[in-house]
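*Asks:*
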Amino acid sequence: MRDGLPADRLISVPTITVWVNGTPVQVPDGAMASAAFLAAGVPCRRSVTGEPRTALCGMGICFECRAIVDGVHQRRTCQVPCREGMRLETQP
Amino acid sequence: MTAHKTQHAQVLVVGAGPAGMAAATAAANAGAHVTVLDDNPDAGGQIWRGGVPASGDQRDSARDRAFRAFRASTASLQTGRRVIDAPRPRTLRAFSEATGTIETFTWEQLILATGARERLLPFPGWTLPGVFGAGGLQALVKGGFSVAGKRIVVAGSGPLLLAVAAHLQQYGAKVVSVAEQAGLRALIPFAATLCSHPGKVWQGARYRVALRNVGYRTGCWPVAAQGTDKLTAVRLTNGERIWTEPCDLLACGFHLVPNTELPALLGCSLVHNPSGDCVAVDATQRTSLENVYCAGEPTGIAGLDAALLQGRIAGLAAANRPDDAKALFKQRDREQAFGKALDRAFALRSDLRSLARPETIVCRCEDVPYSRLQSQPSWTEAKLQTRCGMGPCQGRICGPAVQTLFGWRNISIRPPLFPVPLSALVSEATLESAGDLSGERPGRDTPPAS
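Protein chains in written order, with our numbering: chain A, 1 to 92; chain B, 1 to 450.
(1) Going by alpha carbons, who is nearest to tryptophan 48 (chain B) out of B:Glu180, B:Phe67, B:Pro222?
(2) What are the start and end residues of the alpha helix (DSSP H) that includes tryptophan 221 (chain B)?
(3) Is it true that the CB of leucine 121 (chain B) sits closer than 8 angstroms to the CB of alanine 401 (chain B)?
(4) Which residues does DSSP list as the beta-bridge partners of cysteine 294 (chain B)?
(5) May I ask you to list the residues that DSSP assigns as paired with glycine 156 (chain B)?
(6) Report the residue from B:Val36, B:Glu103, B:Ala75, B:Arg65 whose alpha carbon sits nearest the alpha carbon of threonine 6 (chain B).
(7) Ordered along the chain, which non-local residues of its own chain (more than five positions away) have a Cβ less than 6 angstroms from that of threonine 466 (chain B)?
(8) Hey, aspartate 42 (chain B) and arginine 82 (chain B): beta-carbon distance below 8 angstroms or not?
(9) Taking its Cβ as the centre, do 16 or more other Cβ atoms sit within 10 Å of glycine 41 (chain A), making it buried, or is it exposed?
(10) List, in order along the chain, the chain A residues whose C-beta lies closer than 8 angstroms to that of leucine 140 (chain B)?
(11) In chain order, what residues of the same chain lie with their CB nearer than 6 angstroms to the CB of alanine 314 (chain B), ignoring the 5 residues before and after it?
(12) Any idea which residues DSSP pairs lysine 174 (chain B) with across the strands?
(13) What is the DSSP secondary structure of alanine 66 (chain B), reduced to helix, strand or coil?
(14) Counting contacts by CB-CB distance shorter than 8 angstroms, is cysteine 365 (chain B) in contact with chain A?
(15) State the DSSP-derived secondary structure class of aspartate 248 (chain B), mapped to helix, strand or coil.
(16) Just to confirm before moving on: does the CB-CB distance between proline 92 (chain A) and proline 129 (chain B) stay below 8 angstroms?
(17) Which residues in the same chain as arginine 409 (chain B) place their Cβ atom closer than 8 angstroms to its Cβ, once the five residues preceding and following it in sequence are excluded?
(18) Can you say whether leucine 417 (chain B) is buried or exposed, counting buried as having 16 or more other CB atoms within 10 angstroms of its CB?
(19) Between the stretch 297-312 of chain B and the stretch 339-358 of chain B, do three or more beta carbon pairs fall short of 8 angstroms?
(20) Between glutamine 376 (chain B) and valine 368 (chain B), what straight-line distance do the alpha-carbon atoms span, to the nearest angstrom?
(21) Just the chain B side, please: which residues come within less than 7 angstroms of threonine 49 (chain A) by C-beta, in chain order?
(22) Answer yes or no: does any C-beta atom of chain A fall closer than 8 angstroms to that of glutamine 78 (chain B)?
(23) Between the alpha carbons of asparagine 21 (chain A) and cysteine 78 (chain A), how many angstroms are there, rounded?
(24) Between valine 20 (chain A) and chain B, is any beta-carbon pair separated by less than 8 angstroms?
(25) Let me know the beta strand (DSSP E) ranges lying completely inside the stretch 307-372 of chain B, each 3 residues or longer, listed in chain order.
(26) Looking only at its own chain, which residues have a Cβ that is under 8 angstroms from the Cβ of proline 14 (chain A), when we skip the five neighbours before and after it?
(27) With 16 as the cutoff for other CB atoms within 10 Å, does isoleucine 61 (chain A) come out buried or exposed?
(28) Let me confirm a value: tryptophan 221 (chain B) is counted as buried when at least 16 other C-beta atoms fall within 10 Å, else exposed. Which label applies?
(29) Is the stretch 147-167 of chain B close to the stretch 236-255 of chain B, with three or more CB pairs under 8 angstroms?
(30) Got a sec, what are the start and stop residues for the beta strand (DSSP E) leucine 77 (chain B) sits in?
(31) By DSSP's criteria, phenylalanine 132 (chain B) is part of a beta bridge. Which residues make up the other side?
(32) Would a C-beta distance cut-off of 8 angstroms place valine 141 (chain B) and leucine 250 (chain B) closer than the cut-off?
(33) For serine 61 (chain B), which three-state DSSP category applies?
(34) Decide if asparagine 259 (chain B) is buried, meaning its Cβ has at least 16 other Cβ atoms within 10 Å, or exposed.
(35) Establish whether the CB of threonine 99 (chain B) and some CB of chain A are separated by less than 8 angstroms.
(36) Do you know offhand how far glycine 156 (chain B)'s Cα is from arginine 349 (chain B)'s?
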């Protein structure tokens, strides 16, 4: 069956480890920080009324994926490539 | 200080997607000194976004050719820079998030290739984690988000839906349904138009083969996303009945809208269009302003082939090669006709205007619900009364939504075009005033930019 390739048929790329709210998460090398939040199942930020939000547009337009990256607030995580040991935190 | 460097370009290109790459390559090969700015980490725009590969990846020869030619040219690419304003004539400033600094670029000829974004429409549950734009989810998957084994509903409108669904399957997802809001009656004339674009038929056929076990429903749209903390199902309708499709993710976008913020800020004339304003250009892609050109989706959504031709024409015209530019007009016009057919085929049905409930959030930055907007007479008034469109995205998401829902147009574009941290503005203001004092040290009382 050719459609719906199982995960093990995906090209294996080296992974790196980043920290999402203090928990280690493995992501493929070259992944964006937004992918780490999605992999961890953790929101990037809380909205002004407290709703959990994750990346939406994936291209730096909507600002839904804003989070804290290595201590810096308001980074659009869909535009920030992950680096080994990067610390990512949900923005309150 | 390195923060305050001014760079000069004979031709400055904003946007390194297909149109911007084509423009830069053509202008550089014609001998111009070209600089290209882009907000993303790399060139390619959204359609040619790089990232984490899948084993089923097809070689894309158009992409490969464009990248080879662009990299072989003398055009210099500066990524991670979003243009924020135009403080003086023939001057743009860009903010670099990585360094936290503002950079200044001066130009003789300017080419705007700012691309398009998805139109996202509010419906109950659309702010739940697990709901994405259609192209949005595709971009995030390229950015390393694994969808292997996930059940995904792809919904909305436009040719992008099939491309996204095929792409998600290639990454191991189980696409359970593709729901296109346009009805079959609107799509049949579009299919006929395709006969004069054989390349596009071939592309479409490839998607259909990849998706042969997936239901592609026309005249079908989402009415609600369900779940408490995250998405568990989507409610779909065909106008007659409503059913529930259990899924892990929803990829939903309603075709594209041009990114016209920068052209509008500069004062370029726009063409008003019910599906979104476009930048007005002449045959050489020149805007209403002298020495300012525009290419690709901002001039009207017409797809990749049109963008590449428009880019080449703009690049040649900006580099003073009018005859070479003219040779491409006919081909470009043919591709633009395809864009017109797209607009007709994927026109939004009025049912989409009544999906939001009173409590449904319309402005996601400021969490403004539909009920607070209903009574407003205009977007200007809505901004003042509710803060709709006043958050960090500055109305890029809710703007096209309120245009669809209420017919409001955004008539005020103000700098900065994107939020800039105060620290960057303060250091920039200090340095500017240092320059004004011609060599004197900046005074401690230098006022920060407000």
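Ideal placement from N, C-alpha and C gives every residue a C-beta, glycine not left out.
*Replies:* So, from the listed chains and residues:
(1) Taking the second sequence and counting its residues from 1, the one referred to as residue 48 (chain B) is at position 48. Of the listed residues, the one whose Cα sits closest to tryptophan 48 (chain B) is B:Phe67.
(2) Here residue 221 (chain B) is taken as the residue at index 221 of the second sequence, counted from 1. For tryptophan 221 (chain B), there is no enclosing alpha helix (DSSP H); the residue is part of the beta strand (DSSP E) that begins and ends at 221-226.
(3) Along the second sequence, read from residue 1 onward, the residue named residue 401 (chain B) stands at position 401. Along the second sequence, read from residue 1 onward, the residue named residue 121 (chain B) stands at position 121. Going by C-beta atoms, alanine 401 (chain B) is nearer than 8 angstroms to leucine 121 (chain B).
(4) Here the question's residue 294 (chain B) lines up with position 294 in the second sequence. Looking at the DSSP output, cysteine 294 (chain B) shares a beta bridge with B:Leu112.
(5) Taking the second sequence and counting its residues from 1, one reaches residue 156 (chain B) at position 156. Beta-bridge pairing links glycine 156 (chain B) to B:Glu180, B:Gly253.
(6) On the second sequence, position 6 is the one that residue 6 (chain B) refers to. When each option's Cα is compared against that of threonine 6 (chain B), the closest is B:Glu103.
(7) What the structure shows of chain B is the stretch from 1 to 450, and residue 466 (chain B) is not part of that stretch, so it cannot be assessed.
(8) If you number the second sequence from 1, residue 42 (chain B) lands on position 42. If you number the second sequence from 1, residue 82 (chain B) lands on position 82. No, Cβ-Cβ distance for aspartate 42 (chain B) and arginine 82 (chain B) is not below 8 angstroms.
(9) Locating residue 41 (chain A) in the first sequence gives position 41, where the first residue counts as 1. Under this definition glycine 41 (chain A) is an exposed residue.
(10) Counting from one through the second sequence, the residue named residue 140 (chain B) turns up at place 140. The contacting residues are Met32, Ser34, Ala35, Leu38, Ala55, Gly58, Cys78.
(11) The residue given as residue 314 (chain B) occupies position 314 in the second sequence. Cβ within range, chain order: Ala23, Ile111, Gln285, Tyr293, Ala295.
(12) Residue 174 (chain B) sits at position 174 when you count from the first residue of the second sequence. According to DSSP, lysine 174 (chain B) bridges with B:Arg151.
(13) Position 66 of the second sequence, counted from the start, is the residue given in the question as residue 66 (chain B). Helix.
(14) Taking the second sequence and counting its residues from 1, the one referred to as residue 365 (chain B) is at position 365. For cysteine 365 (chain B), the answer is yes, since a Cβ of chain A falls inside 8 angstroms of its Cβ.
(15) Taking the first residue of the second sequence as 1, we reach residue 248 (chain B) at position 248. The answer is coil: DSSP assigns aspartate 248 (chain B) none of H, G, I, E or B.
(16) Position 92 of the first sequence holds residue 92 (chain A). Position 129 of the second sequence holds residue 129 (chain B). A distance of 8 angstroms or more separates the beta carbons of proline 92 (chain A) and proline 129 (chain B).
(17) Within the second sequence, residue 409 (chain B) is the residue found at index 409, counting from 1. Here the set comprises His272, Asp277, Trp379, Gln403.
(18) The residue given as residue 417 (chain B) occupies position 417 in the second sequence. Burial of leucine 417 (chain B) is indicated by the presence of at least 16 other C-beta atoms within 10 angstroms of its C-beta.
(19) They touch, by the three-pair rule.
(20) Counting from 1 along the second sequence, the entry for residue 376 (chain B) is found at position 376. Counting from 1 along the second sequence, the entry for residue 368 (chain B) is found at position 368. Cα-Cα distance, rounded: 12 angstroms.
(21) Translated into the one-based positions of the first sequence, residue 49 (chain A) becomes position 49. Those are Asp367, listed as they occur along chain B.
(22) The sequence position of residue 78 (chain B) within the second sequence is 78, counting from 1. Judged by the 8 angstroms Cβ criterion, glutamine 78 (chain B) is not in contact with chain A.
(23) Here residue 21 (chain A) is taken as the residue at index 21 of the first sequence, counted from 1. Here residue 78 (chain A) is taken as the residue at index 78 of the first sequence, counted from 1. Straight-line measurement puts the Cα of cysteine 78 (chain A) at about 17 angstroms from the Cα of asparagine 21 (chain A).
(24) Translated into the one-based positions of the first sequence, residue 20 (chain A) becomes position 20. Taking CB atoms only, valine 20 (chain A) has no neighbour in chain B less than 8 angstroms away.
(25) Within the stretch 307-372 of chain B, the complete beta strand (DSSP E) runs of at least 3 residues are 361-363.
(26) Mapped onto the first sequence, residue 14 (chain A) falls at position 14. Here the set comprises Pro28, Asp29.
(27) Sequence index remark: in the first sequence, residue 61 (chain A) carries index 61 (1-based). Burial call: buried.
(28) As a first step, residue 221 (chain B) is located in the second sequence; it is residue number 221 there, counting from the start. When all chains shown are included, tryptophan 221 (chain B) counts as buried.
(29) With a cut-off of 8 angstroms on Cβ pairs, the stretch 147-167 of chain B is in contact with the stretch 236-255 of chain B, counting three or more such pairs.
(30) Taking the second sequence and counting its residues from 1, one reaches residue 77 (chain B) at position 77. In the DSSP annotation of this structure, the continuous segment of the beta strand (DSSP E) that includes leucine 77 (chain B) starts and ends at 76-78.
(31) Mapped onto the second sequence, residue 132 (chain B) falls at position 132. According to DSSP, residue pairing for phenylalanine 132 (chain B) in a beta bridge involves B:Ala251.
(32) Numbered from its first residue, the second sequence carries residue 141 (chain B) at position 141. Numbered from its first residue, the second sequence carries residue 250 (chain B) at position 250. Between valine 141 (chain B) and leucine 250 (chain B), the C-beta gap is not smaller than 8 angstroms, which leaves the two residues out of contact.
(33) As a working note, residue 61 (chain B) is residue 61 in the second sequence. When secondary structure is reduced to three states using DSSP, serine 61 (chain B) falls in the helix class.
(34) Numbered from its first residue, the second sequence carries residue 259 (chain B) at position 259. In summary, asparagine 259 (chain B) is buried, with 16 or more beta-carbon neighbours lying within 10 Å of its beta-carbon over all protein chains present.
(35) Residue 99 (chain B) sits at position 99 when you count from the first residue of the second sequence. It does not; no Cβ of chain A falls within 8 angstroms.
(36) Mapped onto the second sequence, residue 156 (chain B) falls at position 156. Mapped onto the second sequence, residue 349 (chain B) falls at position 349. Glycine 156 (chain B) and arginine 349 (chain B) have their C-alpha atoms spaced approximately 11 angstroms apart.
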